[in-house]
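Below is one structure, written out as structure tokens; comments come after it.
Numbering (my numbering), first residue to last: 275 to 603.
Below you can see the structure in the form of structure tokens.
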């Protein structure tokens, strides 16, 4: 028999044996329970409510008066007392009849209440006071993490999260889709909220664009990555998108190659130092009979090869590219 044909068949047979042993599913494969991570719309809505209730109610929505702010103060029953006052570095203003009044760290509503109480104590019966902030001071905030120019910036007036990110030059290419805003509350306790930038920017959920106050820290972490290997068109490392699944990761890697076995996919995950291997059947997922799995940072997706297709591809390769030989045949 022609030596070339013998060599091709031998190589193809070896490939078939190897694929049958290690490249395809077998009855001995251990299938771990699938790690499900449902996207719950109710949980997302609850998260937004938590932001509004636990974060915004303290200091986010109501601007806190501070040094440099210019206040416009009106007493409806006594127009002669109406005045404009600049807040000093000691957090006080000078007000007719009352002299120095401490307003630093108060909201405009709190300042109204304080002036009302002081006037009621000595001078007036049930006065109605209106305090408005005419000019806002600049507020220094720190923007760190995966932004183009991390640092401390001055946000003028009622700045918000997007203002702070813009001052820092925007996000880097490897930035996560999550931002954290941390600040101290009235009792000195730090509070931190997680903002989904996709929901804010792409879905237009402006309630997530929280106001920024003096001393806030905005942190954008790096995005997680997933590794895709095996029978895919472009194996490599890919940035995890929001709620990215196994099938989406395979798509990001260019899709399945000719020799891929879509029912033989392994998800490898490091759980507290232990390697967890989960069997994934893309065919069943596509047909709606199995749930896709949401990926985590550092997950590895490996797509197995179909033994028969690998066998014939090896034959085809050998026929087009004959073996190298040394010496006289």
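Where a beta carbon is used, it is the ideal one built from N, C-alpha and C, also for glycine. None of these values were measured; they are calculated from a predicted model.
- prompt: What do you get for residue 538, buried or exposed, if any count of 16 or more other CB atoms within 10 angstroms of its CB means buried?
  reply: buried
message: Can you tell me where the alpha helix (DSSP H) holding residue 388 begins and where it ends?
response: 382 to 396
DSSP state of residue 365 mapped onto helix, strand, coil: coil
task: Report yes or no: do three or more beta-carbon pairs, one from the segment 501 to 516 and one from the segment 424 to 440, lie closer than 8 angstroms?
output: no
task: Name the residue from 381, 517, 529 whose alpha carbon lies nearest to the alpha carbon of residue 570.
output: 517
- prompt: Secondary structure at residue 481, three-state DSSP: helix, strand or coil?
  reply: helix
query: Which of helix, strand or coil does DSSP assign to residue 357?
result: strand
- prompt: Below 9 angstroms between beta carbons: does that hold for residue 440 and residue 419?
  reply: no
task: Could you check the C-alpha separation between residue 520 and residue 568 for me, to the nearest Å?
output: 7 angstroms
field: Selected residue, minimal CA-CA separation from residue 456, among 417, 372, 524, 554
entry: 417
- request: Have a look at residue 424 and residue 446 and give me their C-alpha separation to the nearest angstrom.
  value: 11 angstroms
task: For residue 454, write down the residues that DSSP places opposite it in a beta bridge.
output: 468, 493
message: Measuring straight from C-alpha to C-alpha, what distance separates residue 379 and residue 564?
response: 55 angstroms
- prompt: If we ignore side chains and look at the alpha-carbon of each, how far apart do residue 524 and residue 437 end up?
  reply: 36 angstroms
message: At the level of alpha carbons, what is the spacing between residue 522 and residue 514?
response: 10 angstroms
field: Under the three-state DSSP convention, the category residue 557 falls into
entry: helix
query: Does the distance from the C-beta atom of residue 339 to that of residue 385 stay below 9 angstroms?
result: yes
message: Along the chain, where does the alpha helix (DSSP H) containing residue 441 start, and where does it finish?
response: 435 to 441
- prompt: If you count every other CB in all the chains shown that lies within 10 Å of the CB of residue 328, and 16 or more means buried, which is it?
  reply: Low confidence applies to residue 328: its pLDDT is 39, below 50, so where it sits in the model is not reliable, and the reading given next is rough at best. When all chains shown are included, residue 328 counts as exposed.
field: Contact set for residue 468: own chain, Cβ-Cβ below 7 angstroms, skip 5 residues either direction
entry: 452, 454
- prompt: From residue 580 to residue 472, what does the alpha carbon distance come to, in whole angstroms?
  reply: 38 angstroms
query: What are the boundary residues of the beta strand (DSSP E) that residue 537 is part of?
result: 534 to 545
- prompt: Any heavy atom of the ligand ATP closer than 8 angstroms to the Cβ of residue 525?
  reply: Within the structure as shown, the ligand ATP is missing, as the structure has no ligands at all.
- prompt: The alpha helix (DSSP H) spanning residue 521 covers which residue range?
  reply: 520 to 526
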